[in-house]
Each structure stands twice: as C-alpha cells, then as structure tokens.
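Asks:
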Ligand SMILES: *Cc1c(COP(=O)(O)O)cnc(C)c1O
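Numbering (the working numbering), first residue to last: 1 to 393.
(1) Can you determine whether any heavy atom of ligand 1 sits closer than 6 Å to the C-beta of residue 209, and answer yes or no?
(2) If I follow the unbroken beta strand (DSSP E) through residue 363, where does it start and stop?
(3) Given residue 351, which residues of its chain have a CB within under 6 Å of its CB, disregarding the five upstream and five downstream residues?
(4) Quick one: what does DSSP say residue 71 is sitting in, helix, strand or coil?
(5) Just grab the DSSP bridge partners of residue 251 for me.
(6) Any heavy atom of ligand 1 closer than 6 Å to the beta-carbon of residue 109?
(7) How about the region 310–326 and the region 196–214: do they share at least three Cβ pairs that are nearer than 8 Å?
(8) Considering only C-alpha positions, which residue in the set 95, 370 and 85 is nearest to residue 73?
(9) Do you know whose CA, among 271, 54 and 106, lies nearest residue 81's CA?
(10) Can you list, in chain order, the residues of its chain whose CB lies under 8 Å from that of residue 316, leaving out five sequence neighbours each side?
(11) Under 6 Å from any heavy atom of ligand 1, does the C-beta of residue 182 make it?
(12) Spatial neighbours of residue 245 within its chain, please: C-beta separation below 6 Å, excluding the five flanking residues on both sides.
(13) Between the region 251–268 and the region 106–115, do three or more beta carbon pairs fall short of 8 Å?
(14) So the candidates are 235, 218 and 236; which of them puts its Cα closest to the Cα of residue 285?
(15) Suppose you measure from the CA of residue 190 to the CA of residue 223; what does that come to, to the nearest Å?
(16) In the DSSP output, which residue or residues are listed as bridge partners for residue 140?
(17) Which residues does DSSP list as the beta-bridge partners of residue 44?
(18) Apart from the five residues on each side of it in sequence, which residues of its chain come closer than 6 Å, Cβ to Cβ, to residue 183?
(19) Is residue 178 near ligand 1, judged by its Cβ being under 6 Å from some heavy atom?
(20) Kindly list the residues whose CB is nearer than 6 Å to the CB of residue 31, restricted to its own chain and excluding five residues on each side of it in sequence; keep chain order.
(21) Assign residue 318 to buried or exposed, taking buried as 16 or more other Cβ atoms, counted over all protein chains shown, within 10 Å of its Cβ.
(22) Looking only at DSSP bridge pairs, what is residue 373 linked to?
(23) Taking the CB atoms as reference points, tell me whether residue 59 and residue 296 lie closer together than 7 Å.
(24) Does the Cβ-Cβ distance between residue 196 and residue 161 come in under 7 Å?
(25) Taking its Cβ as the centre, do 16 or more other Cβ atoms sit within 10 Å of residue 335, making it buried, or is it exposed?
(26) Which same chain residues, not among the five before or five after residue 333, have their C-beta less than 8 Å away from its C-beta?
(27) By how many angstroms is the C-alpha of residue 126 removed from the C-alpha of residue 168?
(28) Taking the continuous beta strand (DSSP E) assigned at residue 175, which residues delimit it?
(29) Distance, Cα to Cα, residue 123 vs residue 152?
Following this line, the structure appears as structure tokens:
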C-alpha cells in the first residue's frame with residue numbers, strides 16, 4: 001500500500017537501511033538467560049542487562065505466581081485514584097531499606113521515573129547541569145521540565161565547576177549524572193560531584209540504572225559505593241536490569257518522595273507496575289538482602305572476561321564495571337564482528353554512531369552471574385577466533 005501521507009517514513013527507513021543504521025531486532029524464543037534461543041539456535045547471550053540472572057530465576061517466577069493468586073494481575077488504575085496496593089507499598093519500603101534511603105517511590109520504568117522526577121524538581125526559570133553522556137530518559141526529562149540545560153564534559157568535575165560559576169542562576173539548580181555509564185562502563189565521580197553540589201547548595205540527582213544490583217555493598221548501588229548516604233538528594237533507578245523484572249524507582253529524602261506522589265506526572269497519570277512485576281521485584285530484594293553471592297559471581301565473571309580479553313590483545317576501554325566494551329573503531333567492522341560472533345554462537349551487539357561517537361564503534365559485552373566458567377571460555381574462544389579472522393588481534 002502506498003499512502004502519500006506516510007511516504008516520507010518509507011524514505012527515512014530506506015535511508016537508514018542504506019547507511020547500515022537500520023536496527024533489526026532479534027526474536028528471542030526462550031527465557032532471558034545465559035543462553036537464548038534465536039531462529040531455533042541456542043546462543044550464548046551477552047546482550048542483556050540481566051546482570052544477576054534474575055530474569056528467569058525460579059524464586060521470582062514462584063513469587064509472581066503466588067501474588068497473582070492473592071492480588072490478581074492489574075493495578076486497576078493510577079494509584080492516586082484507585083488507591084495503591086499493599087504490595088506496592090511493601091516494595092517501596094523494602095527498596096528504601098535496601099538502598100539505605102529514607103523513602104522510595106516506584107514507577108512503571110526507569111524511563112518514566114526520570115520523566116516524573118526532573119520536571120517535579122525544576123521548571124522554566126531553573127537550571128540543570130547535565131553530564132553530556134547522560135541517558136536519553138534524562139535528556140527527555142530535562143526537556144519536559146523546560147529548565148535551561150547546561151551540559152558539562154563527561155565526568156569532568158572541573159568543567160562542571162566552571163559551568164556552574166559562569167551560569168547566572170536566579171531560580172533552583174539541579175546537577176544530574178548517570179552513576180554508571182552504559183556504553184563505556186565507567187563510573188561518575190559522585191563523591192566529587194557531591195562536594196560541588198554542597199559548595200553551591202545545588203540539588204543532586206544520580207541515575208543508578210546500571211549500578212543497582214552491581215556496585216556498592218551487595219549491589220546497593222552508586223550512593224552506597226561512595227558511602228554518600230543522605231548526601232545525594234535523589235537516586236533514580238530501574239528494576240529492569242539487575243533486578244530482572246521491570247519498573248522504576250526513586251529513593252531519597254522523605255519530602256522528595258512525598259512530593260513525587262503529588263507531582264510526578266507518570267505516577268499521577270499512568271497505572272502502576274502490575275502485581276506479578278511487584279511480587280517478583282520483592283523477591284529480588286529478598287535475594288539481594290539474603291546473600292551477596294550473585295553480585296560476587298557477576299564481578300568474578302566480568303573480571304575474568306576483562307582479563308582474558310586484554311590478554312588476547314583486545315582493547316576493553318575505560319570500564320570499571322561488568323559492562324565490557326570491546327573497542328573496534330569503525331561501525332562496519334563492529335557490525336561484521338557481531339555478525340560473525342552470531343554465526344559462531346555468541347549473541348553480542350555492535351554499537352555505533354550515534355549511540356557512541358564516530359570511530360568508537362564496539363561490541364558491548366554485558367556480563368551476567370548467569371554465565372558459568374565454561375560459558376565464558378566458550379565465548380572467549382569465539383571472540384579470539386573472530387578477532388584473528390578480522391585482524392583485530
Ligand atoms: C536503562 C536505563 C534507564 C531506563 O530504564 P527502564 O527501566 O528500562 O525504563 C534509565 N536510565 C539509565 C541510565 C538506563 O541505563
């Protein structure tokens with residue numbers, strides 16, 4: 001069908017295909033785990049943010065099933081109208097306790113948590129100082145707030161200080177940074193940023209999506225990693241990565257959480273997480289609080305991968321976390337590399353411009369506690385084979 005009103009979309013899509021930028025999404029025919037089934041083949045999975053392997057954990061499956069028998073599935077409406085289920089309150093209490101924060105509120109996703117929080121804290125007469133590599137949901141939250149956004153150089157506290165000093169501020173100000181940056185696996189210098197926020201009495205918000213369940217004691221996150229409890233005003237997070245489910249959260253001082261219940265638009269105008277999501281997340285918190293085994297396994301796995309990759313001669317960039325980028329340079333090479341890995345049985349995505357700068361294309365290896373040592377050795381052998389074949393090592 002050729003509809004004139006949408007002809008431009010077909011042209012745009014053709015242009016994407018032409019430039020090798022059209023994103024073909026694989027269909028997974030199995031649960032998310034160390035291995036996934038694609039096109040009937042089992043592949044080693046290094047794409048998911050399933051850091052702790054909880055996405056298909058039997059304890060989470062059971063918790064979700066049990067909760068469905070008690071509460072059903074759907075939340076009915078937005079919480080501020082239909083009332084909120086005791087299960088949601090329980091999850092928020094437990095998350096606050098886990099993160100050693102005063103209070104917590106949950107959202108449908110990390111994305112909506114950012115869209116809720118930023119416009120609730122700053123408006124059109126205010127200023128946001130934002131790391132230039134912050135996540136898309138932070139960028140969109142900033143736009144929704146209508147505040148003036150001043151970008152500072154990535155992880156550069158001198159530039160942040162300079163930007164604060166040279167920007168006239170008549171209203172409120174807010175500093176926002178990712179905790180762990182998802183493309184390079186580097187960590188924000190949150191302790192130093194916190195000092196700057198204190199010096200200038202500016203609100204500080206960190207998005208801990210890739211830090212939760214990964215950094216800090218037993219995966220308590222970036223604020224715990226730096227021992228900054230009570231000093232970072234707002235911690236945004238997700239329940240879709242290490243927690244293995246879906247949902248978003250904001251942890252912080254009681255008044256901020258109370259305010260988000262009154263003014264967080266995705267809280268007020270969009271329904272809550274479903275019952276099985278909440279029950280499964282509660283079980284994730286139980287697991288994380290009862291043992292640090294999974295977090296330790298995750299780090300052991302990623303340290304092993306990093307060490308072996310380096311020994312083979314791969315460049316793994318500046319990562320300090322279980323996100324291991326294998327730096328390749330040109331986008332075409334990264335795509336070819338990913339395709340060859342796939343043929344050999346490893347599912348690992350190539351990432352190119354505009355997600356990362358031009359000439360910095362890479363394969364991003366997402367490690368998980370779900371992988372066995374045997375899985376890692378198998379994957380490493382395939383990386384080595386493809387690396388030699390494509391003259392990368
Ligand atoms: C993944 C991610 C999000 C979005 O989380 P969802 O729960 O998947 O919506 C937000 N912020 C950062 C930094 C992320 O990495």
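Beta carbons: idealized from backbone N, C-alpha and C, even for Gly.
Replies: So, from the listed chains and residues:
(1) Yes, the beta carbon of residue 209 sits closer than 6 Å to at least one heavy atom of ligand 1.
(2) 361–366
(3) Correct list, in chain order: 362 and 364.
(4) helix
(5) 104 and 235
(6) yes
(7) yes
(8) 85
(9) 271
(10) Cβ neighbours of residue 316 beyond the five flanking positions: 306, 309, 310, 324, 325, 326 and 327.
(11) yes
(12) Excluding residues within five positions, the ones whose Cβ falls inside 6 Å are 239, 277, 280 and 281.
(13) yes
(14) 218
(15) 8 Å
(16) Paired residue(s): none; residue 140 is not in a bridge.
(17) 35 and 346
(18) 356
(19) Yes - ligand 1 has a heavy atom lying nearer than 6 Å to the Cβ of residue 178.
(20) 56
(21) exposed
(22) Partner(s): none; residue 373 has no beta bridge.
(23) No, the Cβ-Cβ distance between residue 59 and residue 296 is not below 7 Å.
(24) Result yes, Cβ atoms of residue 196 and residue 161 sit closer than 7 Å.
(25) Here residue 335 is buried: its Cβ has 16 or more other Cβ atoms, across all protein chains shown, within 10 Å.
(26) 361, 390 and 392
(27) 10 Å
(28) That run of the beta strand (DSSP E) goes 173–178.
(29) 20 Å
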